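Engineer:
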Amino acid sequence: GAPAALENDIEAALRCGIEMQAAMADINTVNKELGMAPLFMGIGINTGEVIAGHLGSHYHSEYTVIGDEVNLTSRVEAHSLRGQILLSERIYQQAQDFIEIGNTNEVFVKGKKTAVRMFELLAVTRHPAVRVPPGDIRTGPRVEVDMPLSFQLLDGKTVVAEKITGRIVDISYGGMYIHSATELAQFSDIKMVLSLSLLVQEQADVYGKVLRVSPVSDGFEYRIEFTSIDVQAQQALKQFVDRLVEIK
Numbered sequence: 608g609a610p611a612a613l614e615n616d617i618e619a620a621l622r623c624g625i626e627m628q629a630a631m632a633d634i635n636t637v638n639k640e641l642g643m644a645p646l647f648m649g650i651g652i653n654t655g656e657v658i659a660g661h662l663g664s665h666y667h668s669e670y671t672v673i674g675d676e677v678n679l680t681s682r683v684e685a686h687s688l689r690g691q692i693l694l695s696e697r698i699y700q701q702a703q704d705f706i707e708i709g710n711t712n713e714v715f716v717k718g719k720k721t722a723v724r725m726f727e728l729l730a731v732t733r734h735p736a737v738r739v740p741p742g743d744i745r746t747g748p749r750v751e752v753d754m755p756l757s758f759q760l761l762d763g764k765t766v767v768a769e770k771i772t773g774r775i776v777d778i779s780y781g782g783m784y785i786h787s788a789t790e791l792a793q794f795s796d797i798k799m800v801l802s803l804s805l806l807v808q809e810q811a812d813v814y815g816k817v818l819r820v821s822p823v824s825d826g827f828e829y830r831i832e833f834t835s836i837d838v839q840a841q842q843a844l845k846q847f848v849d850r851l852v853e854i855k
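Reading the sequence shown from the start, the letters are residues 608 to 855 in this note's numbering.
As structure tokens, then:
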């Protein structure tokens with residue numbers, strides 16, 4: 608209802624988000640003509656009670672909104688992938704009869720004691736129906752990091768004794784990118800050890816496969832997909848990535 612109430616505030620917001628994502632194709636066409644990099648956008652949508660109005664002083668004021676629901680909206684947006692629109696639980700409950708959703712995710716966010724459910728918007732089905740343009744086939748957020756890594760190669764089912772070092776430069780729920788001075792063959796299998804907590808010395812074995820090899824100036828960059836990870840380790844990894852998303 609801010610700055611002006613409509614009869615269909617939520618539906619209007621969802622349609623606006625879809626139109627914004629659709630407009631990115633035209634923006635990137637111009638960017639390509641200008642020799643500029645493409646731009647991508649993630650959108651988070653929520654609804655709730657906020658303080659809205661002109662805030663500031665005699666010298667400077669602006670129309671803005673503040674409050675817990677604004678903070679939650681920011682958290683939802685932070686977890687959206689490029690080209691994606693994520694909805695809060697409250698939006699979903701009020702719009703579920705006229706929308707189509709895709710993946711759902713439960714995330715522990717700052718300021719909330721329980722996990723927050725987020726829903727991927729695929730389409731508004733009420734006439735005239737509109738659909739979110741197809742984007743990346745990403746299944747979760749990716750975060751840039753700079754972390755040391757030690758891992759071992761697998762020879763069949765045998766773990767090779769030699770430990771190889773490198774650095775994790777990008778991590779997600781399902782894999783990571785690493786840099787290493789050691790050359791590995793594509794589709795090599797590796798074993799890593801994941802710490803489940805900073806507070807206790809509890810670790811889990813995680814296995815991965817090298818899907819892509821890219822030479823770089825100081826060695827090689829590898830795209831690793833996790834192939835075997837137990838439930839506890841997966842939960843710890845997800846919470847770690849979610850926290851990094853909040854910080855970033």
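Glycine residues also receive a C-beta, built at the ideal position from the N, C-alpha and C atoms.
This one's a predicted model, so the numbers in the text were calculated from it and none came from an experiment.
(1) Count Cβ pairs between the segment 688-697 and the segment 662-670 that sit closer than 8 Å; are there 3 or more?
(2) Measure from the alpha carbon of Asp753 to the alpha carbon of each residue in Leu761, Gly773, Leu760, then state which is nearest.
(3) For Ser787, which option in Leu801, Ser802, Lys770, Val800 has the closest C-alpha, if you only look at C-alpha atoms?
(4) Assuming Ile856 and Gly782 are in contact, meaning their beta carbons sit under 8 Å apart, how far apart are those beta carbons, in whole angstroms?
(5) Please go through the same chain and pick out, in chain order, the residues whose beta-carbon is closer than 6 Å to the beta-carbon of Thr789, but skip the five residues on each side of it.
(6) Return the first residue and the last residue of the beta strand (DSSP E) that Asn710 is part of.
(7) Going by beta carbon distance, what residues of the same chain come within less than 6 Å of Ser802, once the five residues before and after it are set aside?
(8) Count the C-beta pairs between the segment 629-641 and the segment 668-677 that are closer than 8 Å, then say yes if the count reaches three, no if not.
(9) By alpha-carbon positions, which one of Lys717, His734, Gln703, Tyr699 ends up nearest to Met725?
(10) Looking only at its own chain, which residues have a Cβ that is under 8 Å from the Cβ of Arg792, when we skip the five neighbours before and after it?
Structural biologist: Looking at the atomic coordinates:
(1) no
(2) Gly773
(3) Lys770
(4) For the chain, the structure presents residues 608 to 855; residue 856 sits outside this window and is missing.
(5) Ile771
(6) 706-714
(7) Gln810
(8) no
(9) Tyr699
(10) In the sequence under discussion, the amino acid at residue 792 is Ala, which differs from the Arg named in the question. Correct list, in chain order: Val817, Val820.
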